[in-house]
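Number of protein chains: 2
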Amino acid sequence: MTGSPKKHKTVGIDIRKDLFGANEDAAALNKKKFREHGLVVLDIMGSVGTGKTQLIEALCDRLRGRRQILMVAGDLATTIDADRVGSHEIDTVQINTGTACHLDARMIRVALDDVDLSKYDVVFIENVGNLICPAGYSLGADKKIVVVSVTEGPYMVRKHPLTIKRADMVVINKIDLADILEFDVDALVRDIREVDADLPVFRVSSKTGDGVDNLLKALGF
Amino acid sequence: MTGSPKKHKTVGIDIRKDLFGANEDAAALNKKKFREHGLVVLDIMGSVGTGKTQLIEALCDRLRGRRQILMVAGDLATTIDADRVGSHEIDTVQINTGTACHLDARMIRVALDDVDLSKYDVVFIENVGNLICPAGYSLGADKKIVVVSVTEGPYMVRKHPLTIKRADMVVINKIDLADILEFDVDALVRDIREVDADLPVFRVSSKTGDGVDNLLKALGF
Numbered sequence: 032m033t034g035s036p037k038k039h040k041t042v043g044i045d046i047r048k049d050l051f052g053a054n055e056d057a058a059a060l061n062k063k064k065f066r067e068h069g070l071v072v073l074d075i076m077g078s079v080g081t082g083k084t085q086l087i088e089a090l091c092d093r094l095r096g097r098r099q100i101l102m103v104a105g106d107l108a109t110t111i112d113a114d115r116v117g118s119h120e121i122d123t124v125q126i127n128t129g130t131a132c133h134l135d136a137r138m139i140r141v142a143l144d145d146v147d148l149s150k151y152d153v154v155f156i157e158n159v160g161n162l163i164c165p166a167g168y169s170l171g172a173d174k175k176i177v178v179v180s181v182t183e184g185p186y187m188v189r190k191h192p193l194t195i196k197r198a199d200m201v202v203i204n205k206i207d208l209a210d211i212l213e214f215d216v217d218a219l220v221r222d223i224r225e226v227d228a229d230l231p232v233f234r235v236s237s238k239t240g241d242g243v244d245n246l247l248k249a250l251g252f
Numbered sequence: 032m033t034g035s036p037k038k039h040k041t042v043g044i045d046i047r048k049d050l051f052g053a054n055e056d057a058a059a060l061n062k063k064k065f066r067e068h069g070l071v072v073l074d075i076m077g078s079v080g081t082g083k084t085q086l087i088e089a090l091c092d093r094l095r096g097r098r099q100i101l102m103v104a105g106d107l108a109t110t111i112d113a114d115r116v117g118s119h120e121i122d123t124v125q126i127n128t129g130t131a132c133h134l135d136a137r138m139i140r141v142a143l144d145d146v147d148l149s150k151y152d153v154v155f156i157e158n159v160g161n162l163i164c165p166a167g168y169s170l171g172a173d174k175k176i177v178v179v180s181v182t183e184g185p186y187m188v189r190k191h192p193l194t195i196k197r198a199d200m201v202v203i204n205k206i207d208l209a210d211i212l213e214f215d216v217d218a219l220v221r222d223i224r225e226v227d228a229d230l231p232v233f234r235v236s237s238k239t240g241d242g243v244d245n246l247l248k249a250l251g252f
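As they're listed, the protein sequences go chains A and B. The first sequence begins at 32 in the numbering used here and counts up one residue at a time. The second sequence begins at 32 in the numbering used here and counts up one residue at a time.
Here's what the structure looks like:
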């Protein structure tokens, strides 16, 4: 521990590359496995309290009887989200990351190792609640869906351009609260368009159900 | 990059220890420097959109003419928060972290290297918007203040026990919205008490000013 700061920094950067490379390898293996089982796998990320779980619940309720669903819940310490989705008679797998601020592809591989994936059509992965770190780690999913909500203030897109760049679609959740909070949804959409003009954006209220059917359709369900 | 996953994992863990150790060393040096200048330094962390900047603005307005303030803003990519606080005639230093999800002690050291700290009484450090990662990195501040808000859903404390454990005080912000959002503030306080029975908790609306004077008093201003 006697190295100069510069040395620490260099070592850190090398290891980050190594970790990212290893993650990409694991993600590719996950993707191969998911394809073999014909699964649609969605990695749903966003800050704490943006309504990721409620969105998954809304999607599950609408897919009942049409698709067999597995939910994988990422959380530092609790099983709150898995319990909520599980109460809809959906199979769940919990990953508790301890202090890790995101899921990675190897966690997914280990968590699903003894799961019979042939039973399912769709896997919803709810990432750890965090708008930054999960963006950097591919899990092997088909799409990374970023959930933001009108309760997070007006700057969450402008402050997180990389998260938006790495998204395959964005859900703006809790639109039922936009008027009460005097939140300008159109301005937020413009912020998203500035980062990626072609990114699909969905205005949703997981609570009222508004926009959920549109999202389902876009997901091909 | 041909090592087995196990090898990667081991290397990663060693480096994390190294990084954390190096950070603690740098934080101790920062703390020494802050003490030499008689500064009160507050590390303010919380998820994006919890109102950290608005809280700092409210504190600055009430300390006008009584304390000389420096604000250090941590943000991935923008200067939005520093610009806001700067508009109150407060000196600011911006740290853009790129992809890093938290400030660390060395970033603070570098950012303040050419700043004449003898001009100031108080330093507000606004950490990168994230309820997880900044908790693990001491900056050398006197207190780590965790800001949560009633817009983040009911689980943000239960899901982040380590963040609460590492806090010196918690501000529950946006209490003016609690009724509209049907948010149970008392239940949240109970969640905090379960993690740390003695942690000071302040109910605040940075927008209306409710509770800000109480917080100032507790901070010794």
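Note that CB positions come from ideal geometry on N, CA and C, so glycine has one too. Source: prediction; values computed, not measured.
(request) Answer with yes or no whether the minimum CB distance from B:Thr109 to chain A is below 7 Å. (result) Start at 1 with the first residue of the second sequence, and residue 109 of chain B comes out as number 78. Taking Cβ atoms only, chain A reaches closer than 7 Å to B:Thr109, which makes this a yes.
(message) So, with DSSP's three-state summary, where would you put B:Asp114?
(response) As a first step, residue 114 of chain B must be located in the second sequence, where it is residue number 83. If DSSP states are grouped into helix, strand and coil, B:Asp114 belongs with the helices.
(message) Taking its Cβ as the centre, do 16 or more other Cβ atoms sit within 10 Å of A:Ser169, making it buried, or is it exposed?
(response) The count along the first sequence starts at 1 and reaches residue 169 of chain A at position 138. By the 10 Å Cβ count, A:Ser169 comes out buried.
(request) Within its chain, find whatever has a CB closer than 6 Å to the CB of B:Arg189; leave out the 5 residues flanking it on each side and keep chain order. (result) What you label residue 189 of chain B is simply residue 158 of the second sequence in a count that begins at 1. The residues are Asp222.
(message) Taking the alpha-carbon of B:Met187 as reference, which of B:Val141, B:Asp215, B:Leu101 has the nearest alpha-carbon?
(response) Locating residue 187 of chain B in the second sequence gives position 156, where the first residue counts as 1. The shortest Cα separation from B:Met187 among B:Val141, B:Asp215, B:Leu101 belongs to B:Asp215.
(request) State yes or no: is the C-beta of A:Asp152 within less than 7 Å of the C-beta of A:Arg98? (result) Within the first sequence, numbered from 1, the residue matching residue 152 of chain A stands at position 121. Within the first sequence, numbered from 1, the residue matching residue 98 of chain A stands at position 67. Yes, the Cβ-Cβ distance between A:Asp152 and A:Arg98 is below 7 Å.
(request) Whole angstroms is fine: what's the gap from A:Lys83's alpha carbon to B:Leu90's? (result) As a position in the first sequence, residue 83 of chain A is number 52, starting the count at 1. As a position in the second sequence, residue 90 of chain B is number 59, starting the count at 1. Taking the straight line from one Cα to the other gives about 33 Å.
(request) Determine the chain A residues that contact B:Cys91 at a beta-carbon separation under 7 Å, and present them in chain order. (result) For the purposes of this step, residue 91 of chain B is taken as the residue at position 60 of the second sequence. Residues of chain A passing the Cβ test: none, with the nearest at roughly 19 Å.
(message) Please classify A:Asp135 as buried or exposed, where buried requires at least 16 other C-beta atoms within 10 Å of its C-beta.
(response) The count along the first sequence starts at 1 and reaches residue 135 of chain A at position 104. When all chains shown are included, A:Asp135 counts as buried.
(request) Determine contact between the stretch 103-110 of chain A and the stretch 197-205 of chain A, defined as no fewer than three beta-carbon pairs at a distance below 8 Å. (result) no
(message) Which residues in chain B have a C-beta closer than 7 Å to the C-beta of A:Asp106? List them in chain order.
(response) As a position in the first sequence, residue 106 of chain A is number 75, starting the count at 1. Correct list: Lys190.
(message) Taking 7 Å as the threshold (C-beta atoms), are B:Ala172 and B:Leu73 in contact?
(response) Sequence index remark: in the second sequence, residue 73 of chain B carries index 42 (1-based). Sequence index remark: in the second sequence, residue 172 of chain B carries index 141 (1-based). Yes, they are a contact pair.
(request) Could you give the DSSP three-state label for A:Asp147: helix, strand or coil? (result) For the purposes of this step, residue 147 of chain A is taken as the residue at position 116 of the first sequence. Correct three-state label for A:Asp147: coil.
(request) For the alpha helix (DSSP H) containing A:Lys83, list its first residue and its last residue. (result) Position 52 of the first sequence, counted from the start, is the residue given in the question as residue 83 of chain A. 83-94 is the span of the alpha helix (DSSP H), which, as asked, contains A:Lys83.
(message) Give me the subset of the stretch 152-173 of chain A whose CB atoms are less than 7 Å from a CB atom of chain B, sorted by chain position.
(response) Gly160, Asn161, Leu162, Ile163, Cys164, Gly167
(request) Indicate whether at least one CB of chain B lies closer than 7 Å to the CB of A:Thr182. (result) What you label residue 182 of chain A is simply residue 151 of the first sequence in a count that begins at 1. True, the Cβ-Cβ gap to chain B drops below 7 Å.
(message) I'd like the list of long-range same chain contacts for A:Val20, defined as Cβ closer than 7 Å, with 5 residues on each side in sequence excluded.
(response) No information on residue 20 of chain A is available, as it lies outside the stretch 32 to 252 that chain A covers here.
(request) Assign B:Asn54 to one of two classes, buried (16 or more other C-beta atoms within 10 Å of its C-beta) or exposed (fewer than that). (result) Residue 54 of chain B sits at position 23 when you count from the first residue of the second sequence. Buried, since its Cβ has 16 or more Cβ neighbours within 10 Å.
(message) Classify A:Gly96: buried if its beta carbon has 16 or more other beta carbons within 10 angstroms, exposed otherwise.
(response) One-based indexing of the first sequence puts residue 96 of chain A at position 65. It is exposed - the Cβ of A:Gly96 has fewer than 16 other Cβ atoms within 10 Å.
(request) Note down, in chain order, each residue of its chain lying with its Cβ closer than 8 Å to the Cβ of B:Ile121, except the 5 sequence neighbours on either side. (result) Indexing the second sequence from 1 puts residue 121 of chain B at position 90. Around B:Ile121: Cys91, Ile100, Leu101, Met102.
(request) Compare the beta carbon distance of B:His119 and B:Glu88 with 7 Å and say whether it is the shorter of the two. (result) Here residue 119 of chain B corresponds to residue number 88 of the second sequence, with the count starting at 1. Here residue 88 of chain B corresponds to residue number 57 of the second sequence, with the count starting at 1. A contact, by the Cβ cut-off of 7 Å.
(request) Return yes when the Cβ of A:Ala209 is within less than 7 Å of the Cβ of A:Ile177, no when it is not. (result) Here the question's residue 177 of chain A lines up with position 146 in the first sequence. Here the question's residue 209 of chain A lines up with position 178 in the first sequence. According to the sequence provided, residue 177 of chain A is Val. The question's Ile does not apply to it. Not a contact, by the Cβ cut-off of 7 Å.
(message) Any beta carbon of chain A sitting closer than 7 Å to that of B:Gly77?
(response) The residue given as residue 77 of chain B occupies position 46 in the second sequence. Closer than 7 Å: no.
(request) Provide the residue span of the alpha helix (DSSP H) that contains A:Lys196, from first to last. (result) The residue you call residue 196 of chain A lines up with position 165 of the first sequence. First-last of the alpha helix (DSSP H) with A:Lys196: 192-196.
(request) Starting from B:Leu101, follow the alpha helix (DSSP H) in both directions and report where the run begins and ends. (result) Position 70 of the second sequence, counting from 1, holds the residue named residue 101 of chain B. Where B:Leu101 is concerned, there is no enclosing alpha helix (DSSP H), although the beta strand (DSSP E) it sits in stretches over 100-106.
(request) Thinking A:Gln31 and A:Lys238 are a contact (beta carbons under 8 Å), I'd like their distance in whole angstroms, please. (result) Any question about residue 31 of chain A goes unanswered here, given that chain A covers just 32 to 252.
(request) Check distances from the C-beta atoms of the stretch 205-236 of chain A to those of chain B and list, in chain order, the residues that come in under 7 Å. (result) Ile211
(message) Strictly under 7 Å for the Cβ-Cβ distance: is A:Gly80 near chain B by that measure?
(response) Here residue 80 of chain A is taken as the residue at index 49 of the first sequence, counted from 1. So yes, A:Gly80 belongs to the interface.
(request) Answer with yes or no whether the minimum CB distance from A:Met138 to chain B is below 7 Å. (result) Indexing the first sequence from 1 puts residue 138 of chain A at position 107. Output row for A:Met138: interface = no.
(request) Determine which residues share a DSSP beta bridge with B:Glu225 and list them. (result) Residue 225 of chain B sits at position 194 when you count from the first residue of the second sequence. According to DSSP, which records beta bridges pairwise, B:Glu225 is partnered with nothing at all.
(message) One question on the structure: do A:Val226 and A:Val235 come within less than 7 Å of each other, judged by their Cβ atoms?
(response) In the first sequence, counting from the first residue as 1, residue 226 of chain A sits at position 195. In the first sequence, counting from the first residue as 1, residue 235 of chain A sits at position 204. Taking 7 Å as the Cβ cut-off, A:Val226 and A:Val235 do not qualify as a contacting pair.
(request) Express the C-alpha separation of A:Asp114 and B:Gly184 in angstroms, rounding to a whole number. (result) Reading the second sequence from its first residue, position 153 is the one you call residue 184 of chain B. Reading the first sequence from its first residue, position 83 is the one you call residue 114 of chain A. C-alpha separation (whole angstroms): 16 Å.
(request) Please decide whether B:Met200 counts as near chain A, where near means a Cβ-Cβ distance under 7 Å. (result) Counting from 1 along the second sequence, the entry for residue 200 of chain B is found at position 169. Not closer than 7 Å to any Cβ of chain A, the Cβ of B:Met200 fails to qualify, so no.
(message) Among the candidates B:Met76, B:Ile75, B:Asp147, B:Phe51, whose CA atom is the shortest distance from the CA of B:Gly69?
(response) In the second sequence, residue 69 of chain B corresponds to position 38, counting from 1. That would be B:Asp147, whose Cα lies nearest to the Cα of B:Gly69.
(message) Taking only three categories from DSSP, how would you classify A:Met138?
(response) Numbered from its first residue, the first sequence carries residue 138 of chain A at position 107. Residue state, collapsed to three classes: helix.
(message) Tell me the residue span of the beta strand (DSSP E) that contains A:Val179.
(response) One-based indexing of the first sequence puts residue 179 of chain A at position 148. Here the beta strand (DSSP E) through A:Val179 covers 174-180.
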